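Read through the structure below, which is laid out as structure tokens, and then see the notes.
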DNA sequence: TTTAGTTTTAGAATAATTCTTGATCTCAAG
DNA sequence: CTTGAGATCAAGAATTATTCTAAAACTAAA
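Protein chains in written order, with my numbering: chain A, 136 to 280; chain B, 136 to 280.
In structure tokens:
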């Protein structure tokens, strides 16, 4: 895990991959808003700054950035993968109504929340919540009893 | 949520969809082993009993069964969806080496493991663990220090 | 500079899933 | 019993996100 103070350059050097202009633009496109864009959305954002950029390169760059731990890939069901620059461990909430995705802080005691057989090595935990976000729930009189 | 004593017939009637022969074969193909088959694997299993069955119908049936709450769809990254007849709330572990998928019991205290904004309605929580299963970890001398 | 390895690009290919269409089935009303 | 509306099924086409391929461009080291 990269320490919070590490620069993106550091993280990539450590992983043995180069911080090319394309990778920098892709990373910046992801950092420029605190949302969870798809590869296509990242492509459209980054393309304004580097018109020669291709979608295949965006996929390559997102893979490279994910592999060196600078960003995270986020999946919900079989929808397009989304990408998240928040490296602090957290879960994700997906609103069924409006499609919004937001980070969900985790209680540090969550380590005890599951039991795996002895000898199992858990390297990554993914927590996805689905439901209705506060603003969508409000415009729905369904649960107002 | 269907009570544990409810038959599959009951669950489908309650949901207003019919328990057709195709849906029954698909459901039985899933129940016949305690694993997590893909739609294609379910198709191959069920086809031995009903050779006229088509893959599109298996997808339809799995959707119908998922919607009426008789089975669960399980996703890991962007791999094919898998299906799980275990209705007790639980997570899933995915082995990166051998691809095995198994159920992970959850600690009942997990409800407090995340914090969503006030007004958010969480209808479903998905917990996916990735790593190395016990038998793969054993054949790897990597963590033997 | 050569050279080997990495990266980018464009477009083709892949694969899981969904869609479309017409046939078939089911159930309830007449 | 018929009949008709709606649900379901099958086959294959279509979709779509993603990966692959091959050639060009780039980079860093010898």
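Quick reminder that beta carbons are idealized off the backbone N, C-alpha and C, glycines included.
Just so you know, these numbers come straight off a predicted model, no measurement behind them.
query: Below 8 Å CB to CB, which residues in the same chain sit around residue 156 (chain A) once its five sequence neighbours on both sides are set aside?; result: 185
query: Quick one: using the 10 Å Cβ neighbour count with 16 as the cut-off for buried, is residue 206 (chain B) buried or exposed?; result: buried
query: So if I threshold CB-CB distances at 9 Å, which residues from the stretch 220-254 of chain A count as touching chain B?; result: 225, 226, 228, 230, 231, 237, 239, 240, 241, 242, 244, 245, 247, 248, 249, 250, 251, 252, 253 and 254
query: Report buried or exposed for residue 104 (chain A), applying the criterion of at least 16 other Cβ atoms within 10 angstroms of its Cβ.; result: What the structure shows of chain A is the stretch from 136 to 280, and residue 104 (chain A) is not part of that stretch, so it cannot be assessed.
query: If you drop the 5 nearest sequence neighbours on each side, which residues of the same chain put their C-beta closer than 6 Å to that of residue 210 (chain A)?; result: 216
query: Tell whether a beta-carbon distance below 8 Å holds between residue 196 (chain A) and residue 152 (chain A).; result: no
query: I'd like to confirm the pairing. Which residues does DSSP put opposite residue 238 (chain A) in its beta bridges?; result: A:227
query: Reducing DSSP to helix, strand and coil, say where residue 207 (chain A) ends up.; result: strand
query: Name, going along the chain, the residues of the stretch 265-276 of chain B whose beta-carbon falls closer than 7 Å to a beta-carbon of chain A.; result: 265, 266, 267, 268, 269, 272 and 273
query: Please report the distance separating the alpha-carbon of residue 80 (chain A) from that of residue 263 (chain A).; result: Examination of residue 80 (chain A) is not possible in this model, given that chain A is present from 136 through 280 alone.
query: Do residue 164 (chain A) and residue 180 (chain A) have their CB atoms nearer than 8 Å?; result: yes
query: So the alpha helix (DSSP H) residue 154 (chain A) belongs to, where does it begin and stop?; result: Residue 154 (chain A) -> no alpha helix (DSSP H), and no H or E assigned at all.
query: Can you pull the chain A neighbours of residue 213 (chain B), defined as C-beta to C-beta under 7 Å?; result: 210 and 216
query: Along the chain, where does the alpha helix (DSSP H) containing residue 272 (chain A) start, and where does it finish?; result: 269-273
query: Any Cβ of chain A within less than 8 Å of the Cβ of residue 206 (chain B)?; result: no
query: Work out the CA separation of residue 168 (chain B) and residue 177 (chain B) for me, nearest whole Å.; result: 11 Å
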